[in-house]
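Residue 8 is where the sequence shown starts when you use the working numbering, and the numbers rise one by one after that.
Ideal placement from N, C-alpha and C gives every residue a C-beta, glycine not left out.
Note that the structure is predicted; figures quoted are calculated from it, not measured.
Down below is the structure, laid out as structure tokens.
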Amino acid sequence: MVAVTDTLAPRWHACYTRSRHEKRVDERLRSQGMEVFLPMVARVRQWHDREKVVEWPLFPSYVFARFGLDALARVLGTPGVATVVRFNGRPVAIPEHEIENVRRLADGLGRADADPEPVPMVETGRPVRITSGPLEDVRGIVAEHRGRERLLITVGLQSIGQGMKVEVDADLVELLEIEDR
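Set out below in structure tokens:
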């Protein structure tokens, strides 16, 4: 179920940005005194003469900000912000646990040898929790089996229909009850 914002109390929201404006939007919202979250991951980019590690948004074109409805006009007026993700015309509130899950994912990916891939959130499969390693306590949905020993897990923000695929050893996950997610 999608939670919409109907209160002045600050809640997390997804700001959809102009292409490649995530860092500028992050800076501009912070300068307005807002709490902002822009998950970044390091990726190796190949040029014809060299390779370079660059910081890249985990969710391209999205910046997460905590604000109430009283600040909506200010957010929408911020240069680089295209819109705020909405459902039935009202801003979608992202639950705190989803933001924390993405924080853990971004932190773990910084220590893991992984190349995450943005994907639409897949609702099929079993909910799981990664039990050890750099992605410990990250929760997600089994998206695919890769042989008998590997699983492709989708970790996501269901509120905005976005997620990341991460491949892990099958023995590093535990199955969760649906309401435990």
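Exercise for the section: Check the DSSP bridge columns for GLN53 and list the partner residues they point to. Expected result: Indexing the sequence shown from 1 puts residue 53 at position 46. Paired residue(s): GLU58.
Handout entry: For ASP176 and PRO67, the rounded distance between their alpha carbons
Key = Taking the sequence shown and counting its residues from 1, the one referred to as residue 67 is at position 60. Taking the sequence shown and counting its residues from 1, the one referred to as residue 176 is at position 169. Distance between the alpha carbons of PRO67 and ASP176 is about 27 Å.
Practice task
Consult DSSP for LEU182 and reduce its assignment to one of helix, strand or coil.
Solution key: Position 175 of the sequence shown, counting from 1, holds the residue named residue 182. DSSP places LEU182 in strand when its eight states are reduced to three.
Practice task
Compare the beta carbon distance of LEU164 and GLU105 with 9 Å and say whether it is the shorter of the two.
Solution key: The sequence position of residue 164 within the sequence shown is 157, counting from 1. The sequence position of residue 105 within the sequence shown is 98, counting from 1. Contact: yes.
Handout entry: Residues of its chain near GLU130, where Cβ-Cβ distance is below 6 Å and the 5 sequence neighbours each way are ignored
Key = Walking along the sequence shown from the start, residue 130 turns up at place 123. In this predicted model, GLU130 has a pLDDT of only 40, less than 50, meaning its place in the structure is not dependable; the value taken from the coordinates is given anyway. None.
Practice task
Find the nearest neighbour of VAL60 within the set GLU29, TRP54, LEU112 and ALA49, judged by alpha-carbon distance.
Solution key: Translated into positions along the sequence shown, residue 60 becomes position 53. The option with the nearest alpha carbon to VAL60 is ALA49.
Practice task
Take HIS55 and list the residues in its own chain whose beta-carbon comes closer than 6 Å to its own, dropping the five residues that flank it on each side.
Solution key: By 1-based counting over the sequence shown, the position of residue 55 is 48. Around HIS55: no qualifying Cβ.
Exercise for the section: Between the Cα of ARG133 and those of ARG118, ILE160, LYS172 and GLY84, spot the shortest distance and give me the residue it belongs to. Expected result: Locating residue 133 in the sequence shown gives position 126, where the first residue counts as 1. Among ARG118, ILE160, LYS172 and GLY84, the Cα nearest to that of ARG133 is on ILE160.
Exercise for the section: Quick one: using the 10 Å Cβ neighbour count with 16 as the cut-off for buried, is SER166 buried or exposed? Expected result: Position 159 of the sequence shown, counting from 1, holds the residue named residue 166. Buried: at least 16 other Cβ atoms inside 10 Å.
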